[in-house]
Amino acid sequence: MEQNPQIQPSRVKLGSQGLEVSRLGFGCVGLSGVYNAPLSHDEGCSVIKEANNRGITFFDTADAYGDKHDNEIMLGKALKHLPREKIQVATKFGVVKWESEGHRLYEMGELKKLVEEGKIKYIGLSEANVDTIKRAHKVHPITALQMEYSLWTREIEDDFIPLCRELGIGIVAYSPLGRGFFGGKVVDEAMPNGSLLANYPRFNGENLEKNKLLYTRVSNLAVKHGCTVPQLALAWLLHQGDDIVPIPGTTKVKNMINNVGCLGLKLSEDDLKEIGDAVPVDEVIGERELGVFSKYDWKFANTPLK
127 MEQNPQIQPS
137 RVKLGSQGLE
147 VSRLGFGCVG
157 LSGVYNAPLS
167 HDEGCSVIKE
177 ANNRGITFFD
187 TADAYGDKHD
197 NEIMLGKALK
207 HLPREKIQVA
217 TKFGVVKWES
227 EGHRLYEMGE
237 LKKLVEEGKI
247 KYIGLSEANV
257 DTIKRAHKVH
267 PITALQMEYS
277 LWTREIEDDF
287 IPLCRELGIG
297 IVAYSPLGRG
307 FFGGKVVDEA
317 MPNGSLLANY
327 PRFNGENLEK
337 NKLLYTRVSN
347 LAVKHGCTVP
357 QLALAWLLHQ
367 GDDIVPIPGT
377 TKVKNMINNV
387 GCLGLKLSED
397 DLKEIGDAVP
407 VDEVIGEREL
417 GVFSKYDWKF
427 ANTPLK
(Lines of atoms letter the chains of each structure in order from A; the text may use other names.)
(Lines give C-alpha, C1' and ligand atoms only; values in the text may rest on other atoms or scores of the structure.)
Protein backbone atom coordinates (compact mmCIF):
# COMPACT_ATOMS: atom_id res chain seq x y z
CA MET A 127 0.00 0.00 0.00
CA GLU A 128 1.23 3.45 -0.92
CA GLN A 129 -0.05 6.76 0.40
CA ASN A 130 0.26 10.26 -1.05
CA PRO A 131 -1.38 12.75 1.32
CA GLN A 132 -1.07 15.62 -1.20
CA ILE A 133 -3.22 14.06 -3.89
CA GLN A 134 -6.40 15.79 -5.09
CA PRO A 135 -9.39 14.14 -6.77
CA SER A 136 -8.91 13.20 -10.39
CA ARG A 137 -11.72 13.58 -12.94
CA VAL A 138 -13.78 10.52 -13.83
CA LYS A 139 -16.69 9.83 -16.14
CA LEU A 140 -19.93 9.20 -14.28
CA GLY A 141 -22.04 7.11 -16.60
CA SER A 142 -21.79 7.09 -20.37
CA GLN A 143 -23.69 10.28 -21.22
CA GLY A 144 -20.74 12.67 -20.94
CA LEU A 145 -20.84 13.73 -17.29
CA GLU A 146 -17.45 14.14 -15.61
CA VAL A 147 -17.07 14.66 -11.87
CA SER A 148 -14.37 14.65 -9.22
CA ARG A 149 -13.36 11.17 -8.07
CA LEU A 150 -14.76 12.00 -4.65
CA GLY A 151 -17.93 14.02 -4.18
CA PHE A 152 -19.49 15.77 -1.21
CA GLY A 153 -22.90 15.00 0.28
CA CYS A 154 -24.42 18.25 1.57
CA VAL A 155 -27.38 16.86 3.51
CA GLY A 156 -25.70 17.01 6.94
CA LEU A 157 -25.05 20.73 6.61
CA SER A 158 -28.78 21.31 7.10
CA GLY A 159 -29.01 18.93 10.02
CA VAL A 160 -29.88 15.25 9.94
CA TYR A 161 -27.93 13.62 12.74
CA ASN A 162 -26.78 16.97 14.15
CA ALA A 163 -27.87 20.56 14.53
CA PRO A 164 -27.93 22.43 11.19
CA LEU A 165 -25.08 24.79 10.37
CA SER A 166 -25.65 28.42 9.59
CA HIS A 167 -25.36 29.28 5.91
CA ASP A 168 -22.05 30.99 6.53
CA GLU A 169 -20.69 27.88 8.26
CA GLY A 170 -22.06 25.52 5.61
CA CYS A 171 -20.74 27.64 2.75
CA SER A 172 -17.29 27.62 4.36
CA VAL A 173 -17.27 23.81 4.35
CA ILE A 174 -18.42 23.69 0.71
CA LYS A 175 -15.83 26.26 -0.38
CA GLU A 176 -13.02 24.38 1.37
CA ALA A 177 -14.15 21.12 -0.23
CA ASN A 178 -13.85 22.80 -3.61
CA ASN A 179 -10.42 24.16 -2.66
CA ARG A 180 -9.43 20.54 -2.05
CA GLY A 181 -10.49 19.56 -5.57
CA ILE A 182 -14.06 18.36 -4.98
CA THR A 183 -16.37 19.59 -7.75
CA PHE A 184 -19.34 17.22 -7.35
CA PHE A 185 -21.94 18.25 -4.76
CA ASP A 186 -25.13 16.35 -3.89
CA THR A 187 -28.27 17.91 -2.42
CA ALA A 188 -32.09 17.59 -2.56
CA ASP A 189 -35.17 19.75 -2.19
CA ALA A 190 -36.13 17.80 0.93
CA TYR A 191 -32.85 18.44 2.77
CA GLY A 192 -33.49 21.00 5.48
CA ASP A 193 -36.51 23.20 6.03
CA LYS A 194 -37.93 24.99 2.96
CA HIS A 195 -35.18 23.91 0.55
CA ASP A 196 -32.51 25.08 3.02
CA ASN A 197 -29.81 22.78 1.67
CA GLU A 198 -30.25 23.76 -1.97
CA ILE A 199 -30.30 27.44 -0.99
CA MET A 200 -27.13 27.06 1.07
CA LEU A 201 -25.33 25.32 -1.77
CA GLY A 202 -26.52 28.00 -4.17
CA LYS A 203 -25.05 30.70 -1.95
CA ALA A 204 -21.71 28.89 -1.87
CA LEU A 205 -21.68 28.47 -5.65
CA LYS A 206 -21.86 32.25 -6.11
CA HIS A 207 -18.28 32.37 -4.82
CA LEU A 208 -16.98 29.36 -6.75
CA PRO A 209 -16.23 28.67 -10.44
CA ARG A 210 -19.75 27.45 -11.28
CA GLU A 211 -18.82 26.20 -14.75
CA LYS A 212 -16.40 23.72 -13.16
CA ILE A 213 -18.86 22.35 -10.59
CA GLN A 214 -21.42 19.58 -10.95
CA VAL A 215 -24.57 19.65 -8.82
CA ALA A 216 -26.85 16.66 -8.35
CA THR A 217 -30.22 17.28 -6.72
CA LYS A 218 -33.24 15.13 -6.03
CA PHE A 219 -36.87 16.18 -6.01
CA GLY A 220 -40.43 15.06 -5.30
CA VAL A 221 -40.82 11.95 -7.46
CA VAL A 222 -40.36 9.66 -4.49
CA LYS A 223 -42.08 6.54 -5.75
CA TRP A 224 -43.90 5.79 -8.98
CA GLU A 225 -47.25 4.17 -8.32
CA SER A 226 -47.68 2.63 -11.75
CA GLU A 227 -45.94 1.96 -15.04
CA GLY A 228 -47.96 4.69 -16.74
CA HIS A 229 -47.00 7.25 -14.10
CA ARG A 230 -43.36 6.27 -14.43
CA LEU A 231 -43.40 6.67 -18.21
CA TYR A 232 -45.01 10.09 -17.86
CA GLU A 233 -42.48 11.34 -15.31
CA MET A 234 -39.51 10.08 -17.31
CA GLY A 235 -40.98 11.65 -20.44
CA GLU A 236 -41.19 15.00 -18.66
CA LEU A 237 -37.59 14.71 -17.45
CA LYS A 238 -36.53 13.85 -20.99
CA LYS A 239 -38.18 17.07 -22.18
CA LEU A 240 -36.22 19.07 -19.61
CA VAL A 241 -32.98 17.59 -20.96
CA GLU A 242 -34.00 18.44 -24.52
CA GLU A 243 -34.89 21.99 -23.45
CA GLY A 244 -31.49 22.40 -21.81
CA LYS A 245 -32.95 22.94 -18.33
CA ILE A 246 -31.17 19.92 -16.89
CA LYS A 247 -28.18 18.07 -18.27
CA TYR A 248 -28.62 14.52 -17.02
CA ILE A 249 -31.14 12.25 -15.31
CA GLY A 250 -30.39 10.05 -12.32
CA LEU A 251 -32.30 7.79 -9.96
CA SER A 252 -31.94 7.02 -6.27
CA GLU A 253 -33.08 3.93 -4.34
CA ALA A 254 -34.67 2.54 -7.50
CA ASN A 255 -35.49 -1.12 -8.07
CA VAL A 256 -33.71 -3.04 -10.84
CA ASP A 257 -36.90 -3.28 -12.91
CA THR A 258 -37.52 0.45 -12.55
CA ILE A 259 -34.00 1.25 -13.70
CA LYS A 260 -34.42 -0.86 -16.82
CA ARG A 261 -37.77 0.69 -17.71
CA ALA A 262 -36.68 4.25 -17.03
CA HIS A 263 -33.51 3.76 -19.05
CA LYS A 264 -35.59 2.84 -22.09
CA VAL A 265 -37.36 6.21 -21.98
CA HIS A 266 -34.13 8.19 -21.60
CA PRO A 267 -30.60 7.06 -20.71
CA ILE A 268 -29.97 7.19 -16.98
CA THR A 269 -26.63 8.79 -16.16
CA ALA A 270 -26.28 7.86 -12.49
CA LEU A 271 -27.84 5.71 -9.81
CA GLN A 272 -27.47 6.85 -6.21
CA MET A 273 -27.55 4.02 -3.66
CA GLU A 274 -26.25 3.43 -0.17
CA TYR A 275 -22.94 1.59 -0.43
CA SER A 276 -20.23 1.10 2.17
CA LEU A 277 -18.23 -1.58 3.92
CA TRP A 278 -21.27 -2.61 5.95
CA THR A 279 -23.97 -2.05 3.29
CA ARG A 280 -23.23 -4.04 0.13
CA GLU A 281 -26.70 -4.99 -1.12
CA ILE A 282 -26.07 -3.45 -4.54
CA GLU A 283 -23.11 -5.68 -5.42
CA ASP A 284 -25.03 -8.67 -6.76
CA ASP A 285 -27.59 -7.06 -9.09
CA PHE A 286 -27.27 -3.28 -9.26
CA ILE A 287 -23.58 -2.85 -10.05
CA PRO A 288 -23.60 -5.43 -12.89
CA LEU A 289 -26.77 -3.87 -14.35
CA CYS A 290 -25.36 -0.34 -14.17
CA ARG A 291 -22.18 -1.45 -15.90
CA GLU A 292 -24.20 -3.19 -18.60
CA LEU A 293 -26.27 -0.04 -19.23
CA GLY A 294 -23.47 2.49 -18.81
CA ILE A 295 -24.85 4.01 -15.62
CA GLY A 296 -22.51 5.51 -13.02
CA ILE A 297 -22.96 4.76 -9.33
CA VAL A 298 -23.05 7.45 -6.64
CA ALA A 299 -22.42 5.88 -3.25
CA TYR A 300 -24.21 7.72 -0.45
CA SER A 301 -23.45 7.14 3.23
CA PRO A 302 -20.07 5.65 2.22
CA LEU A 303 -18.95 5.79 5.85
CA GLY A 304 -22.03 3.93 7.07
CA ARG A 305 -23.88 7.08 8.25
CA GLY A 306 -20.75 8.09 10.11
CA PHE A 307 -20.10 4.72 11.76
CA PHE A 308 -16.66 4.42 10.18
CA GLY A 309 -15.98 8.03 11.13
CA GLY A 310 -15.59 6.68 14.65
CA LYS A 311 -17.35 9.33 16.71
CA VAL A 312 -20.29 7.12 17.69
CA VAL A 313 -17.85 4.37 18.60
CA ASP A 314 -15.47 6.47 20.70
CA GLU A 315 -18.01 8.86 22.25
CA ALA A 316 -21.51 8.70 23.65
CA MET A 317 -24.31 9.33 21.18
CA PRO A 318 -25.38 13.00 21.39
CA ASN A 319 -28.69 13.55 23.19
CA GLY A 320 -31.57 13.78 20.76
CA SER A 321 -29.57 12.47 17.80
CA LEU A 322 -31.75 10.90 15.14
CA LEU A 323 -28.95 8.42 14.54
CA ALA A 324 -29.69 6.73 17.87
CA ASN A 325 -33.00 5.55 16.39
CA TYR A 326 -31.37 3.75 13.47
CA PRO A 327 -31.29 -0.02 14.13
CA ARG A 328 -27.53 -0.38 13.66
CA PHE A 329 -26.84 2.41 16.16
CA ASN A 330 -29.36 1.36 18.76
CA GLY A 331 -28.26 0.01 22.13
CA GLU A 332 -27.03 -3.57 22.02
CA ASN A 333 -26.80 -3.53 18.22
CA LEU A 334 -24.26 -0.72 18.33
CA GLU A 335 -22.20 -2.49 20.98
CA LYS A 336 -21.96 -5.58 18.78
CA ASN A 337 -21.22 -3.55 15.66
CA LYS A 338 -18.34 -1.84 17.42
CA LEU A 339 -16.41 -5.08 17.00
CA LEU A 340 -16.50 -4.52 13.25
CA TYR A 341 -15.13 -1.03 13.69
CA THR A 342 -12.30 -2.34 15.84
CA ARG A 343 -11.25 -4.76 13.09
CA VAL A 344 -11.15 -1.98 10.50
CA SER A 345 -9.34 0.29 12.96
CA ASN A 346 -6.62 -2.31 13.39
CA LEU A 347 -6.23 -2.53 9.61
CA ALA A 348 -6.05 1.25 9.35
CA VAL A 349 -3.10 1.21 11.74
CA LYS A 350 -1.47 -1.41 9.56
CA HIS A 351 -1.91 0.78 6.47
CA GLY A 352 -0.86 3.98 8.20
CA CYS A 353 -4.14 5.80 7.68
CA THR A 354 -7.37 6.65 9.47
CA VAL A 355 -10.47 4.45 9.52
CA PRO A 356 -12.50 6.81 7.30
CA GLN A 357 -9.68 6.90 4.77
CA LEU A 358 -9.45 3.12 4.65
CA ALA A 359 -13.23 2.66 4.36
CA LEU A 360 -13.43 5.19 1.51
CA ALA A 361 -10.36 3.80 -0.25
CA TRP A 362 -11.89 0.32 -0.18
CA LEU A 363 -14.99 1.75 -1.86
CA LEU A 364 -13.00 3.66 -4.49
CA HIS A 365 -11.17 0.47 -5.40
CA GLN A 366 -14.47 -1.24 -6.26
CA GLY A 367 -14.42 0.57 -9.62
CA ASP A 368 -13.82 3.91 -11.32
CA ASP A 369 -17.55 4.09 -12.04
CA ILE A 370 -18.32 4.36 -8.31
CA VAL A 371 -18.16 7.87 -6.82
CA PRO A 372 -18.60 8.14 -3.03
CA ILE A 373 -20.14 11.32 -1.60
CA PRO A 374 -19.13 11.47 2.07
CA GLY A 375 -20.47 14.47 3.93
CA THR A 376 -19.45 16.22 7.12
CA THR A 377 -20.01 19.45 9.01
CA LYS A 378 -16.33 19.85 9.84
CA VAL A 379 -13.56 20.98 7.49
CA LYS A 380 -11.00 18.79 9.27
CA ASN A 381 -13.10 15.68 8.58
CA MET A 382 -13.49 16.64 4.92
CA ILE A 383 -9.72 17.08 4.58
CA ASN A 384 -9.18 13.72 6.24
CA ASN A 385 -11.64 12.08 3.85
CA VAL A 386 -9.84 13.49 0.81
CA GLY A 387 -6.73 11.72 2.09
CA CYS A 388 -8.31 8.41 1.03
CA LEU A 389 -7.40 9.27 -2.57
CA GLY A 390 -3.74 8.69 -1.78
CA LEU A 391 -4.23 5.09 -0.66
CA LYS A 392 -3.28 2.28 -3.04
CA LEU A 393 -4.62 -1.11 -2.02
CA SER A 394 -3.73 -4.51 -3.45
CA GLU A 395 -6.27 -7.25 -4.13
CA ASP A 396 -5.13 -8.96 -0.94
CA ASP A 397 -5.63 -5.71 0.97
CA LEU A 398 -9.15 -5.32 -0.41
CA LYS A 399 -10.07 -8.86 0.54
CA GLU A 400 -8.72 -8.43 4.05
CA ILE A 401 -10.64 -5.20 4.55
CA GLY A 402 -13.87 -6.64 3.13
CA ASP A 403 -13.53 -9.77 5.22
CA ALA A 404 -13.18 -7.63 8.35
CA VAL A 405 -16.82 -6.59 7.95
CA PRO A 406 -18.83 -9.67 6.94
CA VAL A 407 -22.28 -8.46 5.96
CA ASP A 408 -23.92 -11.30 7.87
CA GLU A 409 -22.28 -10.02 11.07
CA VAL A 410 -23.72 -6.50 10.76
CA ILE A 411 -26.49 -6.20 13.34
CA GLY A 412 -29.60 -4.19 12.47
CA GLU A 413 -31.30 -2.89 9.33
CA ARG A 414 -29.60 -0.05 7.49
CA GLU A 415 -32.60 2.27 7.38
CA LEU A 416 -34.78 3.90 10.00
CA GLY A 417 -38.21 2.27 10.03
CA VAL A 418 -40.18 5.37 9.01
CA PHE A 419 -37.97 5.77 5.92
CA SER A 420 -37.88 2.12 4.93
CA LYS A 421 -40.82 2.58 2.54
CA TYR A 422 -38.43 4.53 0.29
CA ASP A 423 -35.97 1.62 0.22
CA TRP A 424 -35.37 0.15 -3.25
CA LYS A 425 -36.88 -3.13 -2.05
CA PHE A 426 -40.28 -1.43 -1.88
CA ALA A 427 -39.85 0.87 -4.88
CA ASN A 428 -40.62 -1.44 -7.77
CA THR A 429 -43.00 -0.33 -10.52
CA PRO A 430 -44.56 -3.51 -11.88
CA LEU A 431 -46.11 -3.49 -15.31
CA LYS A 432 -49.91 -3.16 -15.20
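Residue numbers (this note's numbering): 127 to 432.
Note that the Cβ used here is the ideal one computed from N, Cα and C, for glycine as well.
From Asp-314 to Leu-240, what does the alpha carbon distance come to, in whole angstroms? 47 Å
Grab me the residues of Lys-338's own chain with a C-beta within less than 7 Å of its C-beta, minus the 5 sequence neighbours each way, in chain order. Val-313
Mapping the DSSP letters down to three states, classify Arg-261 as helix, strand or coil. helix
With a CB to CB cut of under 7 Å and the five nearest residues on each side skipped, what residues in its chain are close to Met-234? Ala-262, Val-265, His-266
What does DSSP give as the partner residues of Leu-271 in its beta bridges? Bridge partners of Leu-271 according to DSSP: Leu-251, Ile-297.
Could you pull out every residue in the same chain whose Cβ sits closer than 7 Å to the Cβ of Ser-345, ignoring the five residues on either side in sequence? Val-355
Excluding the 5 residues preceding and the 5 following Ser-136 in the sequence, name in chain order all residues of the same chain whose CB lies nearer than 6 Å to its CB. Arg-149
Alpha carbon to alpha carbon, what distance is there between Glu-332 and Leu-145? 43 Å
The alpha helix (DSSP H) enclosing Ala-216, as first and last residue numbers: Per DSSP, Ala-216 belongs to no alpha helix (DSSP H); it is in the beta strand (DSSP E), 214-216.
Compare the C-beta of Cys-388 against all C-beta atoms of chain D and say whether one is closer than 7 Å. This model lacks chain D altogether, as it is built from one protein chain only.
Nearest to Gly-402 (by Cα), restricted to the options Val-371, Leu-289, Tyr-341: Tyr-341
Which partner residues does Lys-175 have in the DSSP bridge list? BP columns for Lys-175 are empty, so no partner.
So what's Arg-280 in DSSP terms, helix, strand or just coil? coil
Let me check understanding here. Comparing Cα to Cα, which of Glu-169, Arg-343, Lys-311 lies closest to Leu-277? Arg-343
Out of curiosity, what's the CA-to-CA distance linking Met-317 and Leu-323? 8 Å
With 16 as the cutoff for other CB atoms within 10 Å, does His-207 come out buried or exposed? exposed
For Lys-194, the first and last residue of its enclosing alpha helix (DSSP H): First-last for Lys-194: undefined, no H or E at that position.
Spatial distance of Lys-139 from Gly-296 (CA atoms): 8 Å
For Leu-293, which of Ile-133, Ser-142, Gln-134 has the nearest alpha-carbon? Ser-142
Figure out for me which residue from Ile-199, Arg-210, Lys-392 has the closest Cα to the Cα of His-351. Lys-392
Can you tell me where the alpha helix (DSSP H) holding Lys-139 begins and where it ends? Lys-139 -> not in any alpha helix (DSSP H); beta strand (DSSP E) instead, spanning 137-139.
Per DSSP, what kind of secondary structure is Asp-186 in: helix, strand or coil? strand
Going straight from the alpha carbon of Lys-247 to that of Lys-336, what length do you get? 44 Å
Secondary structure at Val-315, three-state DSSP: helix, strand or coil? First, the amino acid is wrong: residue 315 is Glu here, not Val. In this structure, Glu-315 counts as coil in the three-state DSSP scheme.
Mapping DSSP to helix, strand and coil, what is Lys-392? Three-state result, Lys-392: strand.
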